[in-house]
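Everything in the sequence shown is counted per our numbering, starting at 549 for the first residue and increasing by one. The next block holds one structure in the form of structure tokens; read it before the comments.
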Amino acid sequence: MKILSSKRRDFMRNAGLAAAAAFTPGMTFSQKADAVEEELEKRLQLAQASGGMGAAAQSAEILAPPAMPAKPTIEDFLRLRFYYAPGGGIKQNSHMLQSANLALEADYPENVVVACALHDSGMYIRRSDHGHWGSELLEGYVDEEIVWAIKYHQSLRFFADPDYNYTYPEMYVRMFGEDYVPDEYQRQHAEYAKKHKWYPTARFITLNDLYAWDKDARIDFEPIIELVMRNFKTPKEGLGFDNSHNAHFWRSLIWPNRRV
Ligand SMILES: [Fe+2]
Ligand SMILES: [Fe+2]
Numbered sequence: 549m550k551i552l553s554s555k556r557r558d559f560m561r562n563a564g565l566a567a568a569a570a571f572t573p574g575m576t577f578s579q580k581a582d583a584v585e586e587e588l589e590k591r592l593q594l595a596q597a598s599g600g601m602g603a604a605a606q607s608a609e610i611l612a613p614p615a616m617p618a619k620p621t622i623e624d625f626l627r628l629r630f631y632y633a634p635g636g637g638i639k640q641n642s643h644m645l646q647s648a649n650l651a652l653e654a655d656y657p658e659n660v661v662v663a664c665a666l667h668d669s670g671m672y673i674r675r676s677d678h679g680h681w682g683s684e685l686l687e688g689y690v691d692e693e694i695v696w697a698i699k700y701h702q703s704l705r706f707f708a709d710p711d712y713n714y715t716y717p718e719m720y721v722r723m724f725g726e727d728y729v730p731d732e733y734q735r736q737h738a739e740y741a742k743k744h745k746w747y748p749t750a751r752f753i754t755l756n757d758l759y760a761w762d763k764d765a766r767i768d769f770e771p772i773i774e775l776v777m778r779n780f781k782t783p784k785e786g787l788g789f790d791n792s793h794n795a796h797f798w799r800s801l802i803w804p805n806r807r808v
């Protein structure tokens, strides 16, 4: 089993504490867990951008991300949204890139690497229930099994499975206490997922999720981007403009702040 380095543990602990300071009464367990994940992602971004842009410029760019081409492909979304580094270029310590790279290095099947490379894309639509948002975003564009696995990784991350060497995240014990009980819907979804034929794919996402928070990571992103492109059906009109039932998800990523 992998052991977290003390540097990475400190990074995760500090992000957890910062997120906990902003918890509000009534937040559910999974909302808190998502807030911690979001804080980690924000800190990865800042770690990569530090020394480059000032804080004000960074926040401005997060609010108004770079313009997309008229017919955007999945490559454009990877480069300009999911893996985008404030100031330009690829965020090489991106959590999704790190998890895909772990899967690639551990020789997981191609569909698992692609699932890891996109597993938190739903967060760019909405933070809570990000697995469900991600699956709706990707439906029709990647293999059904990948869509399904991304949906259920959200609930499975709260439940250990010794058969797969997946332990309940240490950070959750620290943040929420020893006897915290995940929401009932998460438990039901995890139970359903465990009996499904595609369970291993969703479980593999959670396995590669846990260790993908190294702020110093510099991932060789080209092979991962290529893999995603190879497994993705980009429409000729461009994502967001093919009149699919979920085209509006992609348009919301193109223009996150548009009022029309
Ligand atoms: Fe996730
Ligand atoms: Fe994740």
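Every residue gets a Cβ at the ideal spot worked out from N, C-alpha and C, and that includes glycine.
Leaving out five residues before and five after residue i in sequence, what residues of the same chain have Cβ atoms less than 6 Å from its Cβ?
i	result
Ala-750	Ala-697, Tyr-700, His-701, Leu-704 and Ala-741
Leu-787	Pro-620 and Trp-798
Asn-756	Ser-647, Leu-650, Ala-651 and Cys-664
Arg-591	Ala-563
Pro-614	Leu-628
Trp-681	Gly-670, Ile-673 and Arg-674
Look up residue i in the DSSP assignment and give the residues it is bridged to.
i	result
Asp-709	Tyr-714
Ile-673	Beta-bridge pairing links Ile-673 to no other residue.
Val-690	Glu-687
Ile-638	Tyr-632
Compute every distance between the C-beta of residue i and the non-hydrogen atoms of ligand 1, then say whether any falls below 8 Å.
i	result
Met-671	yes
Gln-734	no
Gly-679	yes
Arg-674	no
His-701	yes
Arg-751	no
Arg-591	no
Arg-705	yes
Just to check my reading of the structure: residue i and residue j have Cβ atoms closer than 8 Å, yes? What is that Cβ distance to the nearest angstrom?
i	j	result
Ile-753	Ala-648	In fact, because the Cβ distance is near 10 Å, the residues do not count as touching under 8 Å.
Trp-761	Phe-625	Not really, about 22 Å apart at Cβ, beyond 8 Å.
Pro-673	Phe-789	Checking the displayed sequence, the identity of residue 673 turns out to be Ile instead of Pro. Rounded, the Cβ-Cβ distance is 17 Å, inconsistent with contact.
Tyr-689	Phe-780	6 Å
Pro-730	Ser-578	7 Å
His-499	Asp-668	The question about residue 499 has no answer here: the residues shown for the chain are numbered 549 through 808.
Met-671	Ile-802	Rounded, the Cβ-Cβ distance is 16 Å, inconsistent with contact.
Asn-805	Ala-568	The pair is not a contact, with the Cβ atoms about 29 Å apart (cut-off 8 Å).
When you measure from the CB of residue i to every non-hydrogen atom of ligand 2, does any distance come out below 8 Å?
i	result
Met-723	no
Ser-545	This structure cannot settle anything about residue 545, because the visible part of the chain is limited to 549 through 808.
Asp-762	no
Glu-585	yes
Met-644	yes
Thr-744	Here residue 744 turns out to be His, not Thr, going by the sequence shown. Checking the Cβ of His-744 against ligand 2 gives no.
Asp-757	yes
His-667	yes
Ordered along the chain, which non-local residues of its own chain (more than five positions away) have a Cβ less than 8 Å from that of residue i?
i	result
Ile-694	Asn-659, Val-662, Ala-663, Leu-666, Leu-686, Thr-749 and Asn-779
Ala-708	Tyr-714, Thr-715 and Tyr-716
Phe-571	Lys-580 and Ala-583
For a cutoff of 9 Å on Cβ pairs, would you count residue i as touching chain C?
i	result
Asn-791	This model lacks chain C altogether; it includes just one protein chain.
Can you name, in chain order, every residue of its own chain whose Cβ lies under 7 Å from the Cβ of residue i, other than the five neighbours on each side?
i	result
Ala-566	Glu-587
Tyr-747	Ala-741
Ser-800	Ile-673
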